[in-house]
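Structure first, commentary second.
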Amino acid sequence: MRKIIIAGNWKMNKTNAEAVAFAKELRDKIGKIEKTGIVVCPNYIALAPVNSILKETCAGVGAQDLYWESSGAFTGQVSAEMIESSGSEYVIIGHSERRQYFGETDETVNKKIKRTLTTCCLTPIVCVGETLEQREQGEMKEVIKTQITEGLLGLSSTQMERIVIAYEPVWAIGTGVTASKEQAEEVHLYIRELLKEKFDEQIAEATPILYGGSAKPTNIKELLEQPNIDGGLIGGASLKVDSFVEMIEIAEQMFRG
Ligand code: PEP
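Its first residue numbered 0, the sequence shown is counted upward by one per residue in numbering that gives the first Met the number 0.
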C-alpha cells in the first residue's frame, strides 16, 4: 500500500535563522510519527542547516529545483550532486511557478528528472497541472497527458519506481481555492491510468501521487480519503509549524495499513 507523504514547499520564504527555528520545532513535534512520510523543501542555502537538524528524525529534506548539468560554468545554478551532498533526499521538479516564471518546459523537466536519477538516492517530486483557462476549455486531460508523457519520456520502469508525482492545478496554487476532492481524485486516477499505459499496472499502483493547491488542515482529510490521493505538496499551510504538523497528524491517523 502506498504510504501517505506530507511535503512542504517553502518557496522563497524563510531566512536561515527562520528555517532552523522551524526545523527544530518540527523535530520536537514529530517524535511519535511513524507511518507518514514527511518532507520539507527550503531554499537552497537552508538545505544544509535544515538537514543537520532533521537528520535524526523521520523527516526528509528536499530542494525546490535543480539544474540538469552536474557542474561547470552555469552561474547561479545548483546540481543534483550538490543537493544530495547537503543531505537532502528529494527535489521538486517542474513546479508551475518554475514553468510560469522561469521558462521550465516538459523538455527541461525531463532533463532534470534524468539527471536526478543519476544520483544514488534523490527522489524527484514531479509536478504537473493545468491552468484555469485550460480546464475551462476542456483541455485538462490533454495538458496532463502531455506533461506526463514528455516529462517522463525515456524513463525505464526501474527509474520510474523512484518518482513521486504531484498533481497541482495551477488555479488552486496559492489562491485559497482548493480542487474539490472529486476534481482532484478524477485527475489522480487519470494520471494513474496514464502511468499504466506508459509503464505497467504495478508502476501505476506503486507511484505516490500527491495533491497540491491550497491544501490545509481543514481540507486535507477529505483529500487523503480519496483512494488515489497519496499525500499533499503544501505551500502556504506548510510555513507554520503548527498547521504543517496538524496535517501530518491527520495523515498519521489515516494510515493505510
Ligand atoms: C505549491 O506551491 O506547491 C502549493 C501547493 O502552494 P499552496 O499550498 O500555497 O497552494
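In this text, a Cβ means the ideal position worked out from N, Cα and C, and glycines have one as well. No experiment lies behind these values; they were computed from the predicted model shown.
Item	Value
Taking the alpha-carbon positions, what's the A203 to A165 distance?	14 Å
In angstroms, rounded to a whole number, what distance separates the CA positions of L222 and R1?	15 Å
Just confirm the distance between the C-beta atoms of K180 and Q225, as a whole number of angstroms; I'd bet it's less than 8 Å.	5 Å
Quick one: what does DSSP say L154 is sitting in, helix, strand or coil?	coil
The ligand PEP heavy atoms versus the CB of E196: any closer than 8 Å?	no
Three or more beta-carbon pairs under 8 Å between the segment 180 to 193 and the segment 100 to 110, yes or no?	no
Under 8 Å Cβ to Cβ from N109, same chain only, skipping five residues before and after it: list those, please.	E149, G150, L151, L152 and G153
Cα-Cα, which of A45, D229 and V125 is closest to N12?	A45
Is the CB-CB distance between E251 and K34 below 9 Å?	yes
Taking the beta strand (DSSP E) that T107 belongs to, which residues open and close that run?	Element bounds for T107: not the beta strand (DSSP E) but the alpha helix (DSSP H), D105 to T115.
What are the residues that DSSP puts in a beta bridge with C119?	Answer is none; C119 lacks a bridge partner.
I need the straight-line Cα distance from P123 to Q136, nearest angstrom please.	30 Å
When the Cα atoms are used, what is the spatial distance from I131 to F243?	Before going on, a small fix: residue 131 reads as Leu here, not Ile. Roughly 27 Å separates the two Cα atoms.
Three Cβ pairs or more, each shorter than 8 Å: is that satisfied between the segment 206 to 220 and the segment 15 to 32?	no
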